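Okay, so here's the structure we're looking at.
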Amino acid sequence: MAPRTHGLLYRAYERLLQREIDGAPTHVAVIQDGNRRYADEHGKDAADGHRAGAETTERVLDWCADCGVEELTLYTFSTENFDRSPAEREHLFSLLDEKLREFADAERVHDQEVRIRAIGETDRLPEYLRETIAYAEGKTEEYDALHLNIALAYGGRTELLGAAREAASAVEAGDIAPGDIDSEEIERRLYTGPARDVDLIIRTGGDERTSNFLPWHANGNEAAVFFCTPYWPAFAKKDFLRAIRTYESRTQSWRRTRARRALALVRAVGGAELDEARAIVERLREHLPRGELDGIEHDTNESDPTTAD
Numbered sequence: 000m001a002p003r004t005h006g007l008l009y010r011a012y013e014r015l016l017q018r019e020i021d022g023a024p025t026h027v028a029v030i031q032d033g034n035r036r037y038a039d040e041h042g043k044d045a046a047d048g049h050r051a052g053a054e055t056t057e058r059v060l061d062w063c064a065d066c067g068v069e070e071l072t073l074y075t076f077s078t079e080n081f082d083r084s085p086a087e088r089e090h091l092f093s094l095l096d097e098k099l100r101e102f103a104d105a106e107r108v109h110d111q112e113v114r115i116r117a118i119g120e121t122d123r124l125p126e127y128l129r130e131t132i133a134y135a136e137g138k139t140e141e142y143d144a145l146h147l148n149i150a151l152a153y154g155g156r157t158e159l160l161g162a163a164r165e166a167a168s169a170v171e172a173g174d175i176a177p178g179d180i181d182s183e184e185i186e187r188r189l190y191t192g193p194a195r196d197v198d199l200i201i202r203t204g205g206d207e208r209t210s211n212f213l214p215w216h217a218n219g220n221e222a223a224v225f226f227c228t229p230y231w232p233a234f235a236k237k238d239f240l241r242a243i244r245t246y247e248s249r250t251q252s253w254r255r256t257r258a259r260r261a262l263a264l265v266r267a268v269g270g271a272e273l274d275e276a277r278a279i280v281e282r283l284r285e286h287l288p289r290g291e292l293d294g295i296e297h298d299t300n301e302s303d304p305t306t307a308d
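Heads up: the sequence shown is residues 0 to 308, going by numbering that gives the first Met the number 0.
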C-alpha cells in the first residue's frame, strides 16, 4: 500500500474512533513496555529505545489533554529495574532528569496546567534526579487541570507492605486501635501520588499482565485493562483511542449488568413499593434498551389500582 493511501486510511480510522467515543476515563495509567525490544528490532542501542519512548510520552500527554483525561500515571521505573546494568540505569536516570526539566519548563505543560508529581521510593534515586523532581513538582504545584504522576522506583507490593507496617506500628504505639484500620487509614499511608482511583490501565509491548502496578488504586477500583502489541515508542493515537473505547465498552456493560440486577429486584418487590419501583425504572432508562423496560413498567402499572380503568 502506498504511504499516502496508508496515511489517509490511518487518519480516517482515527476520526472514526474519535466519533465512537462519548467521553474519557478520569484516570489513565500506562505501563510503557517495549523500549528495548523496539531498539533491538531497529538495530539500535537500548538508550535509543528509551529516548524514542520519551517522545511517545510527550504525545500521550497531549492526547490526554485533548480527550479530557484528568490524571495520567506512567510506570517509568520500577523497583525491579534496579536490577538492570549500571550503564542502562544511569542512562535512564539521565534521560529522566533531562525530560523532567523539559516538561517543567515546557509552555504546553503550563498552558495545559499540568501538575507533575513523582510517586515511589524516590529516596533510592540519585541526588541530582531527586533535585530535578523537586524542581518539576515545585514549578507545577499550583496546577490542577491534568495530574501527571511519574512512578519512579515504584513497586505495588512494597507500597502496600509499607502502609501495612506503618499501621501496625501505629497500633503498637497506641496511636490507633486495631479496629480503626480501614481502607481510609491504609490509603492515607500509601505513597503520596494518585489523586483518583485508576479507571483504565494500558500496557504496550504485547505482555498481558499488570506487573505490580497501582494495585490499590486500580484493582480496588476494578479498572479496565487494555493490552496492545505495539512497543511503547510505536504506540499511536489510534491505540490510545482504542484503549478508551475498551474502557467505555466495559463501563457500559457494567452499568447494564447493574441495571438488570436492579430490574430483577423491582420485579421481586412487585406491587409492594410501587412508587419506589417506578423511580428505579426511571433511573434505568439510560442504561437499558427500551424493550427491557416495557415489561417491568407494565407489571408496576398492572399492580397499581390507581391506574385501572
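Cβ atoms here follow ideal geometry from the backbone N, Cα and C, with glycine treated the same way. Note that the structure is predicted; figures quoted are calculated from it, not measured.
query: Please give the ranges of any beta strand (DSSP E) in the region 24-85, keeping only runs that are unbroken, at least 3 residues long and fully inside the region.; result: 26-30, 70-77
query: Using the Cβ count rule (16 or more neighbours within 10 Å means buried), how would you classify Phe76?; result: buried
query: Where does Tyr190 sit, in a helix, a strand or coil, going by DSSP?; result: coil
query: Smallest Cα separation from Leu128: which of Asp104, Arg100, Tyr190?; result: Arg100
query: With 16 as the cutoff for other CB atoms within 10 Å, does Val68 come out buried or exposed?; result: buried
query: The ligand FAD and Thr228: does any heavy atom of the ligand fall closer than 7 Å to the residue's C-beta?; result: You won't find the ligand FAD in this model; it holds no ligand whatsoever.
query: Taking just the CA atoms, how far does Asp238 sit from Pro24?; result: 15 Å
query: Counting along the chain, where does the alpha helix (DSSP H) carrying Arg208 start and finish?; result: Premise fails: Arg208 is in no alpha helix (DSSP H) and is neither H nor E.
query: Does DSSP put Phe102 in a helix, in a strand, or in coil?; result: helix
query: From Ala117 to Ser168, what does the alpha carbon distance come to, in whole angstroms?; result: 26 Å
query: Between the region 221-240 and the region 53-65, do at least 3 Cβ pairs fall closer than 8 Å?; result: yes
query: Across the region 158-172 and the region 188-202, are there enough close Cβ pairs to call them in contact, namely three or more that are closer than 8 Å?; result: yes
query: Taking buried to mean at least 16 other C-beta atoms within 10 Å of its own C-beta, is Asp122 buried or exposed?; result: exposed
query: Pick helix, strand or coil for Ala217, following the three-state DSSP scheme.; result: helix
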